[in-house]
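Quick notes on the structure that follows.
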Ligand SMILES: O=P(O)(O)OC[C@H]1O[C@](O)(CO)[C@@H](O)[C@@H]1O
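Okay, here's the thing in structure tokens:
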């Protein structure tokens, strides 16, 4: 292993510092050498060119025949046409205007002075960004308290609605779905609507949609006369939509400075256009990822922010990285099974959970530490002479980094001065670009998600089968065995699925009733309920 002096030199040689953002990137504890960097140069040249073409409006998502334009959102002058530029500017203005009116009470719920709460309904890229930004940046007691429904779990929905309680009468619901047809989000919307009706409230007077132009959701919102509708453009992917209306509207309503988020992203975008590897933090990240997993994702990315407010960054990155890079085929149609697994929560908390395995167990990962220099606003008490809680947090980060490195475990460290809207925008932009560059290095389309469709189709077929099963039970004049139901449904190959449908219905005392012992599914008899 290198001695301290050599490591210190390597640290300085590879240290990246962004003047305007005060952001540092340290890849010195990734053990690549100059020969590796040299060898990667030509690939990076290609990746930079592909990125330039993408930003210039090329069809960078060939399967879906789409441009990829999230970079234009923070610098509309880059948009490939005046029309697109105007669209971006107008959307941003309308987001700000709407949020200001809601916050001032100019737009208010029927019979009430002002809105008190926001309920965001969406999933995946239509939830993870707003959730991350809320946790990172919202005030302790914001004027408008935000809540999320990001699943089709009835108990989860109940819990969120119960937290809101009677404040539903002053809650603004935002339904977010690019496609406008995602079942989980549709279900959330229907459930929320029912909750408004149960309190004799008029949902449409308190509802806003953020959705793709011409989507089913847009049709509903427009025909029912919802309060407002904001567009999601087809050239912005769900997982890169935080700096579109998807993330900006909830943030603006929460009083978060969205122009600062955009400015941070814009500054980072400019920094990550540089072709010189040492000068481009996103390229340095992509290089480090490639080195670590041998360009095949052999090592997992563990994201460890040492700051509670950044807890959800790993969850946000999980989608950004894994949905973008996790691909069976490369751009030439070869089977490649690409991807990088991402997980993590926060330090130092995780020190007392899985860091044991990181230090000593299977070495199948690299860590990315996120360090925040400012401990808190205001003074700190000393928890012992000369040391604060923040000193401990900082020491624990350094200590973990060192302990891992000493045991051949590599890490990257990103340091920001303080968690501000600007820094959060910059972090998002940094990873968006790194993922795009890495996608080029490994030759995959980082902007589609064909694999998600299989699960969606299978779920739809289970719900179809459920309808059939219920019909059969209703018509039956005697209890039926599972095999009989399967045969009548012409679905003997789906008997296990039929059993699970029935068990679920029975547990919820709906439409099917089981007689017999649960340990012997073969012997069960089923009737309609
Ligand atoms: O915004 P939508 O269309 O509801 O999609 C939600 C999420 O579903 C996916 O399409 C697939 O999981 C994600 O890419 C997307 O962020």
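Numbering (our numbering), first residue to last: 35 to 563.
Using N, Cα and C, we set each Cβ at its ideal position, and we do this for glycine too.
Query, Result
"List in chain order the residues whose CB is within less than 6 Å of at least one heavy atom of ligand 1.", "157, 158, 159, 160, 211, 212, 213, 216, 219, 272, 273, 357, 483 and 486"
"Could you tell me if residue 126 is buried or exposed, where buried requires 16 or more neighbouring beta carbons within 10 angstroms of its beta carbon?", "buried"
"Does the count of Cβ pairs from the stretch 45-63 and the stretch 447-461 closer than 8 Å reach three?", "yes"
"Could you spell out the range, first to last residue, of the alpha helix (DSSP H) harbouring residue 547?", "Not the alpha helix (DSSP H): residue 547 falls in the beta strand (DSSP E), residues 546-549."
"Please name the residue in 526, 184 and 527 whose C-alpha comes closest to that of residue 157.", "184"
"Go through the stretch 311-383 residue by residue and report every complete run of the beta strand (DSSP E) that reaches 3 residues or more, in order.", "334-339"
"Would you report the Cα separation of residue 264 and residue 284, rounded to the nearest angstrom?", "12 Å"
"Look at the Cβ atom of residue 152, then the Cβ atom of residue 210, and state whether they are nearer than 8 Å.", "no"
"Using a threshold of 8 Å, state whether the C-beta atoms of residue 566 and residue 338 are closer than that.", "The chain is shown only over 35 to 563; residue 566 falls outside these bounds and no answer can be derived."
"Taking residue 75 as the reference, which of 128, 325 and 97 has the closest Cα?", "325"
"Hey, quick one: how far does the beta strand (DSSP E) through residue 246 stretch, first residue to last?", "241-246"
"Please classify residue 439 as buried or exposed, where buried requires at least 16 neighbouring CB atoms within 10 angstroms.", "buried"
"For residue 3 and residue 328, I'd like the C-alpha separation in whole angstroms.", "Any question about residue 3 goes unanswered here, given that the chain covers just 35 to 563."
"Going straight from the alpha carbon of residue 41 to that of residue 445, what length do you get?", "13 Å"
"Can you give me the Cβ contacts of residue 2 inside the same chain, cut-off strictly under 7 Å, excluding the 5 residues immediately before and after it?", "Residue coverage of the chain in this structure runs from 35 to 563, which leaves residue 2 outside it and unanswerable."
"Starting from the Cα of residue 500, find the closest Cα among 481, 562 and 550 and give me that residue.", "562"
"Once you ignore the five residues that flank residue 551 on each side, which residues in its own chain have a CB closer than 7 Å to its CB?", "557"
"What are the boundary residues of the alpha helix (DSSP H) that includes residue 121?", "116-138"
"When you compare each of 493, 44, 50 and 83 to residue 475 by their alpha carbons, which one comes out closest?", "83"
"So which of 278, 362 and 369 has the shortest CA-CA distance to residue 129?", "278"
"Can you list, in chain order, the stretches of the alpha helix (DSSP H) that have 4 or more residues and sit fully within the stretch 220-287?", "250-258 and 279-287"
"Just to confirm the assignment, what range does the beta strand (DSSP E) spanning residue 50 have?", "50-52"
"Give the range of the alpha helix (DSSP H) segment to which residue 303 is assigned.", "292-305"
"Count the other CB atoms, across all protein chains shown, that sit within 10 Å of the CB of residue 470; report buried if there are 16 or more and exposed otherwise.", "buried"
"What's the C-alpha gap between residue 357 and residue 85?", "19 Å"
"Going by DSSP, name the residue or residues bridged to residue 58.", "51 and 449"
"Would you kindly check if the distance between the Cβ of residue 478 and the Cβ of residue 354 is under 8 Å?", "no"
"Who are the Cβ neighbours of residue 188 in its own chain at under 8 Å, not counting the five residues just before and after it?", "225"
"Does the distance from the C-beta atom of residue 435 to that of residue 392 stay below 8 Å?", "no"
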